[in-house]
Every structure is written in C-alpha cells, then in structure tokens.
Amino acid sequence: TLKINLMKILYTSDIHASPGHLYSMLSVAEKEKADCIIVGGDLVPHYLPGEYKIGVMESQAKYLRGTLIPTVRNFKRKTNIPIYLDLANDDFKYNRSILESRNGELFFLLHNQKHPLTDTVDIIGYMNVPPTPFGRKDWEKPDSQDRPYTPGNSISLHGGISTNGIIEETVIDLSSDDTIENDLEQLSEMIENPFIFVSHTPPYKTPLDVIYNGLHVGSLSVRKFIEKWAETDMIIASLHGHIHESPNRSGSVSTRINNTLCINPGQGSGDQARFNYVILELSDNRTPVEIELIKSV
Numbered sequence: 002t003l004k005i006n007l008m009k010i011l012y013t014s015d016i017h018a019s020p021g022h023l024y025s026m027l028s029v030a031e032k033e034k035a036d037c038i039i040v041g042g043d044l045v046p047h048y049l050p051g052e053y054k055i056g057v058m059e060s061q062a063k064y065l066r067g068t069l070i071p072t073v074r075n076f077k078r079k080t081n082i083p084i085y086l087d088l089a090n091d092d093f094k095y096n097r098s099i100l101e102s103r104n105g106e107l108f109f110l111l112h113n114q115k116h117p118l119t120d121t122v123d124i125i126g127y128m129n130v131p132p133t134p135f136g137r138k139d140w141e142k143p144d145s146q147d148r149p150y151t152p153g154n155s156i157s158l159h160g161g162i163s164t165n166g167i168i169e170e171t172v173i174d175l176s177s178d179d180t181i182e183n184d185l186e187q188l189s190e191m192i193e194n195p196f197i198f199v200s201h202t203p204p205y206k207t208p209l210d211v212i213y214n215g216l217h218v219g220s221l222s223v224r225k226f227i228e229k230w231a232e233t234d235m236i237i238a239s240l241h242g243h244i245h246e247s248p249n250r251s252g253s254v255s256t257r258i259n260n261t262l263c264i265n266p267g268q269g270s271g272d273q274a275r276f277n278y279v280i281l282e283l284s285d286n287r288t289p290v291e292i293e294l295i296k297s298v
C-alpha cells in the first residue's frame with residue numbers, strides 16, 4: 002500500500018563521543034533529506050580544549066555558546082527542519098540555561114517536555130538515568146524506591162552536581178522518593194496523543210542496555226512505562242542512548258516491547274570513530290500510527 006504523510010526522522014544520541022559527531026549529524030540530515038532531527042542526550046564532547054585551565058563546567062558552557070549554537074544556527078539557515086535535543090548525564094545541568102535561551106528558536110528541549118511532532122503525534126522527552134559509576138550526578142536518580150539501581154551494577158553514590166553554578170559534592174539517597182518511576186508517572190499525565198518517547202536511559206533487560214561485561218543496566222521504570230503505554234497503542238516508538246557499546250555487544254540497535262519499536266543506535270568514540278545513527282519513517286495517515294526503522298549505520 003502507498004504510504005502518505007511520511008516523516009523522515011534522523012535519530013542519534015551521545016554525540017559527545019566525538020567532537021566531529023555534531024557536524025556528521027547535520028551533514029547526514031542534509032544528505033538523507035530528513036524532516037527532523039532528534040538527539041537523545043549527551044551533547045558536549047568528552048574532551049574539550051582548555052578544560053584544565055578554566056574547568057570542565059565552564060569549558061562545557063564555552064562549547065555550547067561558541068560551537069553548538071552557532072553550528073546549529075548555520076545549519077538552520079540552509080535546512081530549516083526542527084531539531085529536538087537536550088543535555089544528559091555527561092553534561093552539567095547548570096549550563097542548560099544557555100540552551101534555554103534558544104529553545105523554540107534553534108531547537109526544542111526535550112527533558113520533561115511535550116512538543117507536537119506532527120498534527121497527530123507528539124514527542125515527549127526524559128533525560129535522567131539510574132545511578133552510574135561516574136562522578137557527574139546532575140541527571141542521576143534512583144530508578145524506583147523498591148529497586149533504586151540494577152542489581153550487580155557497579156555504581157558510585159558520591160559525585161558532583163552543578164545546580165548552583167559551582168560543582169558541589171553530593172550523595173545520591175537511594176531511599177528518596179524523587180525517582181525515575183515517580184517522574185514518569187507525572188509525565189504520563191501529559192499524554193493526550195500518540196507519541197514518540199525519547200529517554201536517554203534505555204529500558205532494562207533489552208538489547209539496548211548491555212554494557213561491556215554483558216550486564217544489563219537500563220531502567221526498569223522506563224521499561225514499565227513503555228509496556229504500560231504500548232498496551233494502549235499510544236507509544237509509537239521509544240528512542241534511547243546512554244550505553245554506547247550496547248548495539249555492538251548485543252548485535253542489535255532495535256528491539257520491540259509489546260510491539261513498540263525501541264532503539265539505541267549506540268555511538269562510536271574518538272576522533273576517527275564512525276557516527277552512528279538511524280533513519281526512521283513515521284506514517285501518521287492511519288490508526289494506529291506507524292513508525293519503521295529504514296536504515297541504521
């Protein structure tokens with residue numbers, strides 16, 4: 002059957018893995034004639050020039066102001082398609098105000114937000130992750146009160162947060178009721194239309210959340226959220242990142258949870274690394290709305 006009302010979506014995540022990935026992403030979007038770009042978090046490159054002189058938080062701010070925003074602005078002058086993105090666990094949250102000043106102009110921020118993607122389909126984002134072994138804690142929360150993190154996963158509860166403009170020491174409280182599960186319950190209240198979900202952390206125990214040693218470290222709360230909305234046919238697809246190596250480790254960039262397509266393209270690291278992405282095709286001329294993975298690299 003002939004499909005009409007198609008939208009071609011370029012999805013990627015973790016472009017922080019290489020300084021070249023931002024430029025590759027925009028180049029691929031142009032070449033593929035994408036109708037929109039979605040980035041599932043972690044924007045600022047791992048290693049920035051001058052980081053040790055001015056500090057990592059200020060160097061991240063400098064990158065957002067001096068590289069990301071001007072590069073996206075130049076791209077939008079040529080190819081004015083919508084871009085949906087946000088910071089995630091490797092990016093200091095304090096610098097999000099730099100992106101907020103361009104929100105709605107150059108791009109749309111995803112975290113805890115709902116945006117209309119088409120006349121009938123929304124996009125909803127969530128960037129927090131369960132506790133990790135890493136030191137930046139701005140975007141980390143217990144997964145749920147009864148299961149705050151993946152059993153067997155090596156985590157650190159101690160680290161730094163940037164909410165007051167300086168990096169302050171913090172300790173994650175595993176007994177807190179400020180959890181991913183509770184956040185997703187609040188997010189559920191926003192849902193009125195069929196939607197694409199963009200969650201930096203992948204769902205637990207899937208081909209999308211496998212770390213180098215074979216352990217699954219995704220979010221059970223995210224998985225339950227997908228399962229809940231899949232029963233209603235409201236969630237069209239669920240897009241993830243965070244675990245760069247998972248597709249190589251599991252052999253797959255996609256899986257299905259109750260027939261909902263779930264994706265983590267993974268990401269190549271280092272200056273010469275390949276840029277990983279997927280091209281999706283959204284067809285909203287029928288009920289239920291359909292999305293199809295047509296290309297992965």
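The numbering used here applies: residue 2 is where the sequence shown begins, and numbers increase by one.
Ideal Cβ placement from N, Cα and C applies to all residues, glycine included.
One or two residues paired with residue i in a DSSP bridge
| i | result |
| --- | --- |
| Thr-256 | Cys-263 |
| Pro-83 | Partner(s): none; Pro-83 has no beta bridge. |
| Lys-225 | Lys-225 is not bridged to any residue. |
| His-112 | Gly-126 |
| Met-8 | Leu-283 |
| Thr-207 | Per DSSP, none; premise fails for Thr-207. |
| Asn-104 | Phe-108 |
| Phe-135 | Phe-135 pairs with nothing; no bridge assigned. |
| Pro-20 | Pro-20 is not bridged to any residue. |
| Ala-328 | Lying outside 2 to 298, the shown extent of the chain, residue 328 is not represented and no answer is given. |
| Ser-220 | Pro-204 |
| Val-172 | His-159 |
| Ile-292 | Leu-283 |
Close-in-space but distant-in-sequence residues of the same chain around residue i (CB under 7 Å, 5 per side omitted)
| i | result |
| --- | --- |
| Glu-291 | Ser-284 |
| Asp-87 | Gly-42, Leu-110, Leu-111, His-112, Gly-126 and Met-128 |
| Leu-44 | Ile-16, His-17, Leu-69, Leu-86, Leu-88 and Asp-92 |
| Ser-253 | Pro-208 |
| His-116 | Tyr-85, Phe-109, Asp-123 and Ile-124 |
| Thr-256 | Thr-207, Pro-208, Leu-209 and Cys-263 |
| Phe-226 | Leu-185 |
| Arg-103 | Ile-70 |
| Ala-62 | Asn-96 and Ile-99 |
| Glu-31 | Thr-80 |
| Ser-200 | Tyr-127, Val-223, Ser-239 and His-241 |
Nearest-angstrom Cβ-Cβ length linking residue i and residue j, presumed shorter than 8 Å
| i | j | result |
| --- | --- | --- |
| Thr-261 | Ala-238 | 7 Å |
| Tyr-278 | Leu-11 | 6 Å |
| Val-57 | His-243 | With a Cβ gap of about 19 Å, Val-57 and His-243 do not count as contacting. |
| Glu-228 | Asn-259 | 6 Å |
Selected residue, minimal CA-CA separation from residue i, among the options
| i | options | result |
| --- | --- | --- |
| Gly-269 | Thr-256, Glu-246 and Pro-117 | Glu-246 |
| Ser-251 | Glu-59, Ile-124, His-217 and Thr-233 | His-217 |
| Asp-144 | Gly-105, Val-223 and Thr-233 | Val-223 |
| Thr-119 | Pro-134, Phe-196, Cys-263 and Pro-204 | Phe-196 |
| Arg-275 | Val-298, Glu-186 and Asn-259 | Val-298 |
| Ile-1 | Lys-225, Ile-39 and Gly-215 | For the chain, the structure presents residues 2 to 298; residue 1 sits outside this window and is missing. |
| His-159 | Tyr-278, Leu-240 and Leu-175 | Leu-175 |
| Pro-289 | Tyr-53, Glu-101, Gly-51 and Glu-232 | Glu-232 |
| Gly-153 | Pro-134, Asp-139 and Glu-169 | Pro-134 |
| Gln-273 | Leu-7, Pro-20 and Lys-9 | Pro-20 |
| Ile-168 | Val-29, Tyr-205, Asp-139 and Leu-221 | Asp-139 |
| Gly-271 | Glu-31, Gln-187 and Leu-49 | Leu-49 |
| Ser-220 | Val-211, Ile-212, Pro-204 and Tyr-213 | Pro-204 |
| Leu-188 | Ser-177, Glu-170, Trp-230 and Arg-66 | Trp-230 |
| Phe-76 | Glu-101, Tyr-64, Glu-293 and Val-29 | Val-29 |
| Gly-136 | Thr-13, Thr-121, Gly-67 and Asn-90 | Asn-90 |
| Thr-13 | Pro-266, Val-211 and Ser-177 | Pro-266 |
| Thr-121 | Leu-7, Glu-293 and Leu-65 | Leu-7 |
Residues near residue i in its chain [Cβ-Cβ closer than 6 Å; skip 5 each side]
| i | result |
| --- | --- |
| His-47 | His-17 |
| Pro-132 | Glu-141, Tyr-150, Ile-156 and Ile-173 |
| Ile-295 | Ile-280 and Glu-282 |
| Glu-52 | Ser-60 |
| Tyr-213 | Glu-246 |
Close-in-space but distant-in-sequence residues of the same chain around residue i (CB under 8 Å, 5 per side omitted)
| i | result |
| --- | --- |
| Met-235 | Ile-192, Asn-194, Pro-195 and Phe-196 |
| Gly-215 | Arg-250 |
| Gln-114 | Ile-125 and Gly-126 |
| Thr-180 | Lys-142, Pro-143, Asp-144, Ser-145, Gln-146, Pro-149 and Ser-222 |
| Thr-171 | Lys-138, His-159, Gly-160, Gly-161 and Ile-162 |
heavy atom of the ligand ATP below 7 Å from residue i C-beta
| i | result |
| --- | --- |
| Ile-167 | With respect to the ligand ATP, the structure offers nothing, as it holds no ligand at all. |
Given 8 Å, three or more beta-carbon pairs between the region 68–80 and the region 25–35: yes
Would you be able to state if there are at least three C-beta pairs under 8 Å between the region 69–77 and the region 22–32? yes
Does the contact criterion of 3 or more C-beta pairs under 8 Å hold for the region 157–175 versus the region 87–97? Segments in contact, yes.
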